[in-house]
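Comments concern the structure below.
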Amino acid sequence: MQADILITGAVIVTMDAERRVIRDGALAISGDTIVAVGKAADLAGIEAREVIDGAGFLLTPGFVNTHVHITETLIRGFVPGDLPFDETLGRWVIPLYKDHSPAEQAVAAKLAIAAMLRTGTTTFLEAGTVIAFDEVMGAIENTGIRGRVGRWTEDRAWDPAADAQKLTRDAFAALERDLAAYPQDGRRVAAWPNLIGHMTATDGLWQQVAELARRTGTGVSAHMSPVANDAEWYLAETGRRPVEHLAELGVLGPHLNLVHMVHLDAREAELVAASGTNVTHCPDAALRGGYGTMRRGLFPEMAGAGVNIALGTDGADNHDMMRVMSLMASLFRDAREDRSLFPAHQALEMATLNGAQAMGLSGTVGALAPGMKADVAAHDIRRPEWVPLNNPVEQLVSSADGRGVHSVWVDGVRVVENHRCTLIDEDALQAEGQVMAEAILARSGLPLVSEWPVL
Ligand SMILES: [Zn+2]
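So in our numbering, spot 330 of the sequence shown is number 338, and the numbers just go up one at a time.
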């Protein structure tokens, strides 16, 4: 057999149907596809154009991050963390977002992607908050990552003088245009008709995007119920809780990814399970946001009922899915005083296979197996946190983090090598991002809130 790349002598956490973990393993790539995975001795007959010594590497599938705001990076660290949720969004995050120029959004997105690639994430689902859509899509097209991106979409007429029907018409037309311009036709970065969610979309828009997603084989991602105010709003306006209302509209289903989902009741969790709706949990954002995820979250119940739970990093603070996995594998054990909850192997499934399922990419990414896309993260197991190597999956989740990712391939292309992106000029990007961030913050008129003097 011939191949383009053969990585041999590595430890391989395959995430294949049998969940094999292979010591002294080998993985062969032809074009953009994995063609063989097994013991190095069994793959020794493969003739490859490039043979990579995998001793010192542990290979995992590239991680799948199903909730990330890629254009938020330039305001990282600037938004105070101690304000009420509504004030954080209304006075800080949203005005800052809307003040970014298209060029600033493009640089923010590339910084987020560099941070994701370098920590082993090869596929992301953007949160539906990109405003300068074409500029961002153009900027990220050649970074090497795989992604689905949504335009900032909301249509509720908060101003009584607004033309409500026009808002809905325009919002939907923009999404249809995006899907036509960046179709899911095999390209790595494509558009999805995402919604901001919460209470910002009308019933009509929810129904139109569900139909659009089903018709185009794409999906819809939307925020819901991180804190209690979504439920309060829906109860006041519709007499039903948010997920009950969405069920009535007929918009739940495997095409939908609802994000956060902390303040649910048992009936809503049942509706999610029965409909095949995906749920993305962002443990890092939830903990620091004070959502009450450990006290109120029904994630153990939803997982028990068969809900597909995936993981996301959410805002700008960090983009490391390994950190998120580690949190997932610990917080409900503590909250419920039950050490059997969300063990390491389940957290790894969430960050790979479950994420792929939420994005309609099952059988394409999320595992290292013949026929899958060659999306691979190589972890440097000669770092101190990896030594000695006793239990690869346990140590991946509990001991290591994304800084140990040495190399990454997407579609068989090495997009990270020796901890540096190969298709992004990181030095230039970082210099540009720093200058732009300072300009954005100066324009905003908002203060840098720091407990201690910054001199
Ligand atoms: Zn979000």
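Just so you know, even glycine gets a beta-carbon here, dropped at the ideal spot from N, CA and C.
Note that the structure is predicted; figures quoted are calculated from it, not measured.
Assuming G363 contacts N73 (C-beta within less than 8 Å), just tell me the rounded distance between them.
7 Å
Count the other CB atoms within 10 Å of the CB of D238; is the residue buried (16 or more) or exposed (fewer)?
So D238 ends up on the buried side.
List in chain order: all unbroken alpha helix (DSSP H) runs of 4+ residues lying wholly within the segment 285-363.
291-296, 301-304, 307-312, 329-344 and 352-357
On the DSSP bridge assignment, give the partners of H231 in chain order.
Answer is G205 and V267.
May I ask you to list the residues that DSSP assigns as paired with L14?
A36 and V59
Can we say the segment 258-272 touches the segment 282-293, given the rule of at least three CB pairs closer than 8 Å?
Using a C-beta cut-off of 8 Å, the segment 258-272 makes contact with the segment 282-293, since at least three inter-stretch Cβ pairs fall below that distance.
When you measure from the CB of D322 to every non-hydrogen atom of ligand 1, does any distance come out below 7 Å?
yes
For W460, is the classification buried or exposed, using 16 other Cβ atoms within 10 angstroms of its Cβ as the cut-off for buried?
Exposed.
Quick one: using the 10 Å Cβ neighbour count with 16 as the cut-off for buried, is G247 buried or exposed?
exposed
Report the residue from E162, D163 and G136 whose alpha carbon sits nearest the alpha carbon of G155.
G136
Given 7 Å as the limit, tell me if L327 has its C-beta closer than that to any heavy atom belonging to ligand 1.
Just to set this straight, residue 327 is His in the shown sequence, not Leu. A distance criterion of 7 Å places the beta-carbon of H327 beyond contact range of ligand 1, judged by its closest non-hydrogen atom.
Of the residues L295, I153 and L220, which one's Cα is nearest the Cα of P234?
The shortest C-alpha separation from P234 is found at L295.
Run through the segment 100-135 for me and flag every whole alpha helix (DSSP H) of 4 or more residues, listed as ranges in chain order.
102-107 and 110-126
Check for me: the alpha helix (DSSP H) holding L175 runs from which residue to which?
Residues A172 to A189.
Taking a contact to mean a Cβ-Cβ separation below 8 Å, would you say D292 touches R331 in this structure?
With a cutoff of 8 Å on beta-carbon distance, D292 and R331 are scored as near each other.
Report yes if the CB atom of V251 is closer than 8 Å to the CB atom of L279, and no otherwise.
yes
Measuring CB to CB, does A450 end up less than 8 Å from I83?
no
Is the beta carbon of A11 sitting closer than 8 Å to the one on G33?
No, the Cβ-Cβ distance between A11 and G33 is not below 8 Å.
Taking only heavy atoms of ligand 1 into account, decide whether any of them is closer than 7 Å to the Cβ of H289.
Not so, every heavy atom of ligand 1 lies at least 7 Å from the Cβ.
So, at 7 Å on beta carbons, what are the nonlocal neighbours of D40 in its own chain, with the 5 sequence-adjacent residues on each side left out?
K381, A382, D419 and G420
Just reading off the alpha helix (DSSP H) that E252 is part of, what are its end residues?
P250 to L257
If you draw a straight line from the C-alpha of E219 to the C-alpha of V228, how long is it?
10 Å
Can you name the start and end residues of the alpha helix (DSSP H) that N237 belongs to?
N237 to T246
In three-state terms, what does DSSP make of I148?
helix
V423: beta carbon under 7 Å from a heavy atom of ligand 1?
no
With DSSP collapsed to three states, give me the class of S370.
coil
Tell me whether E425 sits in a helix, a strand or coil according to DSSP, three-state version.
strand
With respect to 7 Å, is the separation between the Cβ of V384 and the closest non-hydrogen atom of ligand 2 below this value?
The model on display carries ligand 1 but not ligand 2.
Does DSSP put G46 in a helix, a strand or coil?
Strand, per DSSP.
What's the C-alpha gap between H253 and Y242?
Taking the CA atoms as reference points, H253 sits about 8 Å from Y242.
Once the 5 residues before and after L454 are set aside, which same chain residues still bring their CB inside 7 Å of it?
Cβ neighbours of L454 beyond the five flanking positions: W100.
Whose C-alpha, out of V384, A385 and L404, is nearest the C-alpha of E393?
L404
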